[in-house]
Amino acid sequence: MDTFKTTHGAVRGFRASADVVAVLGIPYAAPPFGARRFREPAPAAAWAGVRDCTAFGPVAPQSAELPGAPVWSPGDEDILTVNVWTLAPDGGSLPVLVWIHGGAYTFGSSAQPDFDGDALARAGLVVVTLNYRLGFEGFGHVPAGGTAHPDNRGLLDQVAALRWVRENIAAFGGDPDNVTVAGQSSGAASIACLMVMDRACGLFHRAVLHSPASPCYTPDIAAATTREVAAAAGRPATPEGLAAATPQDLVTASDRVVEEYRRDPSSGSRHYDPSLYAPVLDGDVLPTDPLAGIATGASREVDLLVCHTTEEYWLLDAVGSSAKVTTGEQLDRFARDFGIPDGLPAGYRAAMPHAPVLDVYLAVFGDLLFGEYARRLAERHALAGGRTFLARFDRRRTGPDGTVRAWHCADVPFAFGAIGKDCAAFLIGGAPTPADHDLSARMVRAWAGFAAAGDPGWPSFDDSTGQTEVWRTEDGDEDEVPAPLRTLWAGADFPLLRP
-10 MDTFKTTHGA VRGFRASADV VAVLGIPYAA PPFGARRFRE PAPAAAWAGV RDCTAFGPVA
50 PQSAELPGAP VWSPGDEDIL TVNVWTLAPD GGSLPVLVWI HGGAYTFGSS AQPDFDGDAL
110 ARAGLVVVTL NYRLGFEGFG HVPAGGTAHP DNRGLLDQVA ALRWVRENIA AFGGDPDNVT
170 VAGQSSGAAS IACLMVMDRA CGLFHRAVLH SPASPCYTPD IAAATTREVA AAAGRPATPE
230 GLAAATPQDL VTASDRVVEE YRRDPSSGSR HYDPSLYAPV LDGDVLPTDP LAGIATGASR
290 EVDLLVCHTT EEYWLLDAVG SSAKVTTGEQ LDRFARDFGI PDGLPAGYRA AMPHAPVLDV
350 YLAVFGDLLF GEYARRLAER HALAGGRTFL ARFDRRRTGP DGTVRAWHCA DVPFAFGAIG
410 KDCAAFLIGG APTPADHDLS ARMVRAWAGF AAAGDPGWPS FDDSTGQTEV WRTEDGDEDE
470 VPAPLRTLWA GADFPLLRP
């Protein structure tokens, strides 16, 4: 059966493979534009008859054009949709995995080909992916917004999608009492926020965080960003002025502000990789920083699996989104701009004696934003009494174009069983090998086992072993960079908030 009944109406999907039905572009909330712009998500309108759901819904406003994925077109409004992959329901009740995509809170969508849920569905899960508001629409601060125009609208969209899952997933053969939420980069960091948000309490039972990104922003930082973006858009930084700017105006203005930071080495920490938007510590939607909230046991009932890659930041350098740091003087300035403890860059240089300064910088930056932050989330959850599992993705190989790194995003197509897709070729360095397929199968099984019963296949981090699972292939190259130098980070008071 390819037709399913939801609370808003019946939907029809299609056979994605012999055993799996995909139902795409199901509205979980109303279009967040017009009178609903900058507001909490509102319920989707009901429909009569059977809605054809065989194509992804429109993506959120953004300027990115990602390989194989649809692009945003001004006028696209019905962006709050979910997609479901399920084995043909036979009355069973399967574990559910909900995926939240990353993209610096600014770009990306659930329609990216490497987020295809078919392989995970065949592993015994009901897979849900979702779109949510990005950029200023989702994470921009509206001055004096209050309850009318709350901060963290993108997080509120994610909560609304999880409520849709609770109310509807049984119709697709899923168990609403066994929901795992998973994400990567800003998607994983979003989940860390959800773990300490009252509005998300009880909506999921386990969490998978791959390369969670630090940090959140204070209201002052968010307000300053709004003033910059409004000025670039030629609008006053008021609710009325921002509402008068079209979504395209704010996307273009945000890109302009980013470019100004890139061109100005004296602009502080944002010069190195300008990320304008992040969850805001507003004390309401997001009551506390995730690290602090998790440390107090706010989410100890949620099983947690955290993974990061060995060479996170090499990807950002490869795609040109990160400033080049090639001299010792520049490296010292980078450390000052981020408030990195004295001696930390020197410690990395000592551990990488033959590496160029650029590689030292990438190693430090990757651990600053991803690796060290990920480990602290895992450790604090474990210390607060939560079941915690830790992993590191370390798959690399040498190809005709040089070393293929264990960098940011490379782990995602392996975990989705999507390494054979064209879009994965750049991330993994060409066509997958038999050893790659074996690694992918192991990672799919780990996600499926964790989502089903909280067991990814290795001991929890909070037992006597403190084991970290290392994902690599048998034919892969050995480490070229040191394992994270934890003692050097002891003096860093995370999270480090960027101005």
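The sequence shown runs contiguously to residue 488 in this note's numbering.
All C-beta atoms, glycine included, are put in the ideal place defined by N, C-alpha and C.
Three-state secondary structure (DSSP) at residue i?
i           : result
residue 147 : helix
residue 541 : There is no way to answer for residue 541, as the model of the chain reaches only from -10 to 488.
residue 265 : coil
residue 378 : strand
residue 326 : helix
residue 89  : strand
residue 291 : coil
residue 74  : strand
residue 45  : coil
residue 5   : coil
residue 122 : coil
residue 402 : helix
residue 384 : coil
residue 370 : helix
residue 283 : helix
residue 13  : strand
residue 297 : strand
residue 56  : coil
residue 38  : coil
residue 109 : helix
Measuring only the C-alpha atoms, how far is residue i from residue j?
i           : j           : result
residue 181 : residue 203 : 10 Å
residue 94  : residue 436 : 24 Å
residue 29  : residue 91  : 21 Å
residue 362 : residue 297 : 9 Å
residue 37  : residue 195 : 35 Å
residue 51  : residue 411 : 23 Å
residue 197 : residue 216 : 35 Å
residue 228 : residue 249 : 24 Å
residue 236 : residue 207 : 24 Å
residue 2   : residue 42  : 5 Å
residue 60  : residue 476 : 44 Å
residue 371 : residue 183 : 17 Å
residue 343 : residue 332 : 18 Å
residue 377 : residue 420 : 33 Å
residue -4  : residue 34  : 10 Å
residue 417 : residue 191 : 36 Å
Does the Cβ-Cβ distance between residue i and residue j come in under 8 Å?
i           : j           : result
residue 148 : residue 189 : yes
residue 162 : residue 70  : no
residue 103 : residue 5   : no
residue 22  : residue 66  : yes
residue 350 : residue 314 : yes
residue 396 : residue 290 : no
Following the continuous beta strand (DSSP E) through residue i, name the residue where it begins and the one where it ends.
i           : result
residue 458 : 457 to 460
residue -7  : -8 to -5
residue 308 : Here residue 308 belongs to no beta strand (DSSP E), and DSSP marks it neither H nor E.
residue 360 : Note, residue 360: premise wrong, no beta strand (DSSP E); not H, not E.
residue 391 : 391 to 393
Identify the continuous alpha helix (DSSP H) that holds residue i and give its terminal residues.
i           : result
residue 353 : 346 to 355
residue 397 : Here residue 397 belongs to no alpha helix (DSSP H), and DSSP marks it neither H nor E.
At which residue ranges does the stretch 160 to 242 contain complete alpha helix (DSSP H) runs of 4 or more residues, listed in the order of the chain?
175 to 183, 208 to 222 and 228 to 233
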